[in-house]
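The number in this note's numbering is simply the position in the sequence shown, starting from 1, with 169 added.
Everything below concerns the one structure shown next.
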Amino acid sequence: MKNFFPGVLGFGTLICSLLLFVWPALGQSKAESPSITLKSATIRDFSFTPPPPPAEITPAFKEKSFNLKEAANYREIRALVGPLTPEQERYLEKNRFLLLPKAKYLAFRRTGQGVYDEMLANFDGLGGSQEQHLRAPQNARFVGPDVFLHALAKYYHQRVAAVEAGPLSQATEFMLSGLYEHAVALKDAAGRGAAGSWERLLAQLAVPLILLQNSPETSNGAPGASPPPADTLENALKLFESYRPDFSKAMAGKMKTELERIYKAETAAVGLLGLVPADGSERIDYRLFRPVGRGAGQARNRAYFRAMAWLGGLGWSTGTREGLTDALNCSLAMSYEPAPARADQADGSPKISELRVAVAPAENAAPREPANIRQAWARVMEINTFLLGYPDAPSYLEWLPFLMKEAVVSEFRVDTSADPAVMDRLAAAAGSIAAAPPHFRDLRPGGEAPVIAIFPRRFTLAGLITEQLTYEDGRNEEAPVMFSGLWVPALLGQKYARDQVPRQLAGASGGDPLVLEDGSLRELIKLSAANLTGRMDTLSARLRAEPQAHWSSSFTTTWIRVLATLTAEPGQGHPEYQRSPAFPAKRVETILGAYTEMRHDPSLETLPGPEKTAPPIAEEEAPAPLVKGFVEPNPAFWREMTGAVQMLAAGWREFGLFPEDLAEMGALPRFQKRLERCAAISAKELTGEELTDDDYEFIRLFTLDWMAAPPGRGDHWPADPEVHSAALAPVQGFTPEGGSPSLVYEGNGEPALMLVLVGNEKSPRLTVGLAYDHYEFVAPRERPLDDEAWRRIVYRRHSRNATAGDPDRPAKNFWYDPLRP
170 MKNFFPGVLG FGTLICSLLL FVWPALGQSK AESPSITLKS ATIRDFSFTP PPPPAEITPA
230 FKEKSFNLKE AANYREIRAL VGPLTPEQER YLEKNRFLLL PKAKYLAFRR TGQGVYDEML
290 ANFDGLGGSQ EQHLRAPQNA RFVGPDVFLH ALAKYYHQRV AAVEAGPLSQ ATEFMLSGLY
350 EHAVALKDAA GRGAAGSWER LLAQLAVPLI LLQNSPETSN GAPGASPPPA DTLENALKLF
410 ESYRPDFSKA MAGKMKTELE RIYKAETAAV GLLGLVPADG SERIDYRLFR PVGRGAGQAR
470 NRAYFRAMAW LGGLGWSTGT REGLTDALNC SLAMSYEPAP ARADQADGSP KISELRVAVA
530 PAENAAPREP ANIRQAWARV MEINTFLLGY PDAPSYLEWL PFLMKEAVVS EFRVDTSADP
590 AVMDRLAAAA GSIAAAPPHF RDLRPGGEAP VIAIFPRRFT LAGLITEQLT YEDGRNEEAP
650 VMFSGLWVPA LLGQKYARDQ VPRQLAGASG GDPLVLEDGS LRELIKLSAA NLTGRMDTLS
710 ARLRAEPQAH WSSSFTTTWI RVLATLTAEP GQGHPEYQRS PAFPAKRVET ILGAYTEMRH
770 DPSLETLPGP EKTAPPIAEE EAPAPLVKGF VEPNPAFWRE MTGAVQMLAA GWREFGLFPE
830 DLAEMGALPR FQKRLERCAA ISAKELTGEE LTDDDYEFIR LFTLDWMAAP PGRGDHWPAD
890 PEVHSAALAP VQGFTPEGGS PSLVYEGNGE PALMLVLVGN EKSPRLTVGL AYDHYEFVAP
950 RERPLDDEAW RRIVYRRHSR NATAGDPDRP AKNFWYDPLR P
């Protein structure tokens, strides 16, 4: 096994479990055989504590009403975005804001620069030139939550993709390689009765190893193998040949079949190597091995995606003898570390099966760079916990204490799993295996005979919401089958979203209570809505009862907390557009646009080309009149967003990741300063304090597109003309009664333009910003859509790759009707 790479990091929950550790003292007689020492693994719990909130602000925004044509820059804005229809003008004057689709405007990028991201680059361009003498009335930017949410989501997914392709992928391969070597040694030492089970475990480990090694960026290829040119099935089968001598002909055939199923990613079938789906399904859905989102980026990302789909999506059933046997044997392999060979070692030295067992004190926290496979395993668990969430099922942390308590043996041997009495005891007690880590534990359904995975899938609040509010696996029998993103803002407490629930349920049932004449159906929908909102109230209360540490335990959980700041209903003392009856629908679109992005997992975009700069401007030019933009006054949002950035920075610092992003001019400090400045400006606006010229120039000129840059790229602009912002997230699979398997999708289209009328400081004006354009729709499961297909739909008029078979863009959801004049 090659030396481990620098910089593998970790994080998680402080729980001790027992891992078997073999250290044979060679040359001693069997009677004097050294004991097998049981060591504990430490997984650290990282929970960021945000600073206390500032004192509450009493809203006192001062604004004089005016009609649209009294806006000082109305003509310039109209020239910028094109003519508005009479309906749009009336809507804008009434509601004080208006959303325009991408077709209504051209790109606003600054001259001489490419882009990292469509939405952010267009936002940057709205501010016009950096030179004061070139600023113009149409450069009055509106700064709302959408662009900041999009910037942070883009940054987060870029960095997670880099961690998965680097430290996490390498740590996983390091751990699996060592585990495989140990299992080979133990298989050779096993008796005839246990040899078959050890071969099965070897096959379970070899498959994800091959998946990881089958990428051009691989560092620890199979013995004697050169890095393959591409991650294809053909290359995977070539890699398999280096493992082939360890397996019988029958087992080798099963492994090849599994690899074929994985790379084709087309079918569902019962697994051939003793592993079962972690979700309790009878058959493995091999379509889940098809890389999507950020997992479809570089070859190393695709390799890691497939490997973790195996290591987390599959596991050992503790309800079967076979599953218990494999889990037990894997714990032996995790603990075994062969001693260096000695020249004077006798041929009759003790075998693994003859070594005895003892219990040792817990290990101290592991160093940053893992020294053994146990530490590597802990690092993968820690990093994934911080980024994605806590394990959603028991792992070795819960399995090994159970094993040591319930096996009731004086010593463990390589053949222990062949002892029927031991396995009877484990099977009888399997229902008592401890649950997953404690965060949000009370909200998770229980159940006996769990599946133990090497790297369990992660608990997320988004998944919990879907599970708790829909019918699934016999639970929640009165709940709807199909999930809707509308329920997220409704659950978080937004009145408008809750009011739309009956109509959404009716639509999912094939009707609409606003037009149906069937009174019985109306009553049924009313009853269903009452049941659903009751569930929401219960879940919401339980979520509020969770301590702050749980909300700050992972970034995906923190993201939900940020979105919760967008559910309040601004009253007196806030700008008119925030008090418009249509504004709650805009809030829904912001929440669901950001929710879609966090569930989307976008892949790395095209790497940038050479740096480009704009030509210099003569310094003697006189400055043009000041341009007054506007920052949306929502102190809670700016505070929670700042906390989310601080949490990411603390995590990078804790685990030694992305030091360049933490430097004085790094991405996170720069982004945080922009958030803090926006918070300060919005507080001034809300209290009626006059902004300075410097405040207004900040609103006009600060940039965000660099937040979408791949790691380590700084401010070097890419040469490629456009990187689309549209994203798609499949969030739930379901089968309606009498229907075909379907998927619920949340999708973001091209960013919309948002016009906002404001009149503070005796300056009636139009401001311009960027906003999400969100869609929710259902499509057949047998033809799933990915980002590429979705972007062909969204950008059909721009694309040469659009095909006749591409479906049309779905209609906007009814709950956005108030936003469309």
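Each residue gets a CB set at the ideal place from its N, CA and C atoms; glycine is no exception.
Keep in mind the model is a prediction, meaning the values are calculated, not measured.
Output the boundary residues of the alpha helix (DSSP H) element that contains N291.
Counting from one through the sequence shown, the residue named residue 291 turns up at place 122. Element bounds for N291: E287 to L295.
Looking at Q637 and L708, is the spacing between their C-beta atoms short of 8 Å?
By one-based count along the sequence shown, residue 708 stands at place 539. By one-based count along the sequence shown, residue 637 stands at place 468. Cβ atoms of L708 and Q637: closer than 8 Å.
Flag this pair as touching only if the segment 240–253 and the segment 944–953 have three or more C-beta atom pairs under 8 Å; answer yes or no.
No: fewer than three Cβ pairs fall under 8 Å.
Determine the extent of the alpha helix (DSSP H) in which G422 is found, giving its start and end residues.
Residue mapping note: residue 422 aligns to position 253 of the sequence shown, counting from 1. Start and end: K418 to K433.
Nearest-angstrom Cα distance between S579 and F571?
Counted from its first residue, the sequence shown places residue 579 at position 410. Counted from its first residue, the sequence shown places residue 571 at position 402. Between S579 and F571, the C-alpha separation is close to 15 Å.
In or out: V376 buried (at least 16 other Cβ within 10 Å) or exposed?
To locate residue 376, count along the sequence shown from 1; it is residue 207. Counting Cβ neighbours within 10 Å, V376 comes out buried, since at least 16 surround it.
Give the DSSP-derived three-state secondary structure of R768 in the structure shown.
Translated into positions along the sequence shown, residue 768 becomes position 599. Helix, per DSSP.
Let's test the definition: count the other Cβ atoms within 10 Å of the Cβ of S601 and tell me whether it reaches 16, buried, or not, exposed.
Counting from 1 along the sequence shown, the entry for residue 601 is found at position 432. Under this definition S601 is an exposed residue.
How about Y992 and S722: are their beta carbons less than 8 Å apart?
The structure shown does not extend to residue 992, since the chain is modelled only from 170 through 990, so no value can be given for it.
Can you tell me where the beta strand (DSSP E) with N917 in it begins and where it stops?
Mapped onto the sequence shown, residue 917 falls at position 748. Segment S911 to N917, the beta strand (DSSP E) holding N917.
Measure the Cβ-Cβ separation of V455 and T426 and say whether it is below 8 Å.
Position 286 of the sequence shown holds residue 455. Position 257 of the sequence shown holds residue 426. Here residue 455 is Tyr; the residue named in the question, Val, does not match the sequence. Contact flag unset, no.
Helix, strand or coil for G313 per DSSP?
Residue numbering aside, residue 313 sits at position 144 when the sequence shown is read from its first letter. DSSP places G313 in coil when its eight states are reduced to three.
Report all residues from its chain with a CB closer than 7 Å to the CB of N236; omit the five preceding and five following residues, and keep chain order.
The residue you call residue 236 lines up with position 67 of the sequence shown. Within the same chain, N236 has close Cβ partners E262.
How should H719 be labelled, buried or exposed, when 16 other C-beta atoms within 10 angstroms of its C-beta is the threshold for buried?
Taking the sequence shown and counting its residues from 1, one reaches residue 719 at position 550. So H719 counts as buried.
Who are Q901's beta bridge partners in DSSP?
Indexing the sequence shown from 1 puts residue 901 at position 732. According to DSSP, Q901 bridges with V913.
Tell me the start and end of each unbroken alpha helix (DSSP H) in the segment 643–680 that is at least 4 residues and wholly inside, in chain order.
Taking only runs of at least 4 residues, the alpha helix (DSSP H) segments lying wholly in the segment 643–680 are 656–661 and 664–677.
Whole angstroms are fine: how far does the CA of R475 sit from the CA of P987?
Within the sequence shown, the letter at position 818 stands for residue 987. Within the sequence shown, the letter at position 306 stands for residue 475. For P987 and R475, the distance between alpha carbons rounds to 43 Å.
Report yes if the C-beta distance between D495 and R627 is below 8 Å; otherwise report no.
By one-based count along the sequence shown, residue 495 stands at place 326. By one-based count along the sequence shown, residue 627 stands at place 458. No, they are not a contact pair.
Pick helix, strand or coil for P625, following the three-state DSSP scheme.
Your numbering for residue 625 matches position 456 in the sequence shown. If DSSP states are grouped into helix, strand and coil, P625 belongs with coil.
Please check the pair M651 and F903, which I expect to be a contact at CB under 8 Å, by giving their CB distance rounded to whole angstroms.
For the purposes of this step, residue 651 is identified with residue 482 of the sequence shown, where counting begins at 1. For the purposes of this step, residue 903 is identified with residue 734 of the sequence shown, where counting begins at 1. Yes, they are in contact, since the Cβ atoms of M651 and F903 sit about 5 Å apart, within 8 Å.
For W479, which residues of its own chain have a beta-carbon under 7 Å away from its beta-carbon, when the five flanking residues on both sides are left out?
Within the sequence shown, residue 479 is the residue found at index 310, counting from 1. Closer than 7 Å at the Cβ level, and outside the excluded window around W479, lie V376, P377 and L380.
Which residue or residues does DSSP assign as beta-bridge partners of I453?
Walking along the sequence shown from the start, residue 453 turns up at place 284. I453 pairs with A438.
Under 7 Å Cβ to Cβ from P792, same chain only, skipping five residues before and after it: list those, please.
Walking along the sequence shown from the start, residue 792 turns up at place 623. Cβ neighbours of P792 beyond the five flanking positions: Q301 and H302.
What residue from A248, I694 and A648 has the CA that sits closest to D668's CA?
What you label residue 668 is simply residue 499 of the sequence shown in a count that begins at 1. Considering only alpha carbons, the answer is I694.
Just how far apart, CA to CA, sit L136 and E809?
Since the displayed the chain opens at 170 and closes at 990, residue 136 lies outside it and no answer follows.
Under the DSSP definition of a beta bridge, which residues are partnered with D874?
The residue you call residue 874 lines up with position 705 of the sequence shown. Answer by DSSP bridge pairing: none, since D874 is not bridged.
The beta strand (DSSP E) spanning L253 covers which residue range?
Numbered from 1 along the sequence shown, position 84 holds the residue referred to as residue 253. From DSSP, L253 is part of no beta strand (DSSP E); its letter is neither H nor E.
Can you round the beta-carbon distance between V620 and A447 to whole angstroms, since I take them to be within the 8 Å contact cut?
If you number the sequence shown from 1, residue 620 lands on position 451. If you number the sequence shown from 1, residue 447 lands on position 278. About 5 Å; that satisfies the 8 Å criterion.
What is the rounded straight-line gap between the Cα of T702 and the Cα of N917?
Here residue 702 corresponds to residue number 533 of the sequence shown, with the count starting at 1. Here residue 917 corresponds to residue number 748 of the sequence shown, with the count starting at 1. Answer to the nearest angstrom: the Cα atoms are 26 Å apart.
With distances taken from CA atoms, which of Y243, A305 and N264 is nearest E866?
The count along the sequence shown starts at 1 and reaches residue 866 at position 697. Ranking the options by Cα distance to E866, first place goes to A305.
Going by DSSP, name the residue or residues bridged to F799.
The sequence position of residue 799 within the sequence shown is 630, counting from 1. Partner(s): F311.
Which residues in the same chain have their Cβ closer than 6 Å to the Cβ of A819, if we skip the five residues on either side of it in sequence?
Along the sequence shown, one-based indexing puts residue 819 at 650. Cβ within range, chain order: F217.
Would you decide whether G362 is buried or exposed? Buried here means 16 or more other CB atoms lie within 10 Å of its CB.
To locate residue 362, count along the sequence shown from 1; it is residue 193. Exposed is the call here.
Using the beta-carbon count (16 or more within 10 Å), is I184 buried or exposed?
Taking the first residue of the sequence shown as 1, we reach residue 184 at position 15. Because I184 carries a pLDDT of 34, less than 50, the predicted location of this residue cannot be relied on, and the following value inherits that uncertainty. So I184 ends up on the buried side.
What span of residues does the alpha helix (DSSP H) with E945 cover, start to end?
Translated into positions along the sequence shown, residue 945 becomes position 776. Counting along the chain, E945 falls outside any alpha helix (DSSP H), though it belongs to the beta strand (DSSP E) covering H943 to P949.
So who's on the other strand from F266, going by DSSP bridges?
Taking the first residue of the sequence shown as position 1, residue 266 is located at position 97. In the DSSP output, where bridge partners are listed per residue, F266 has V925.
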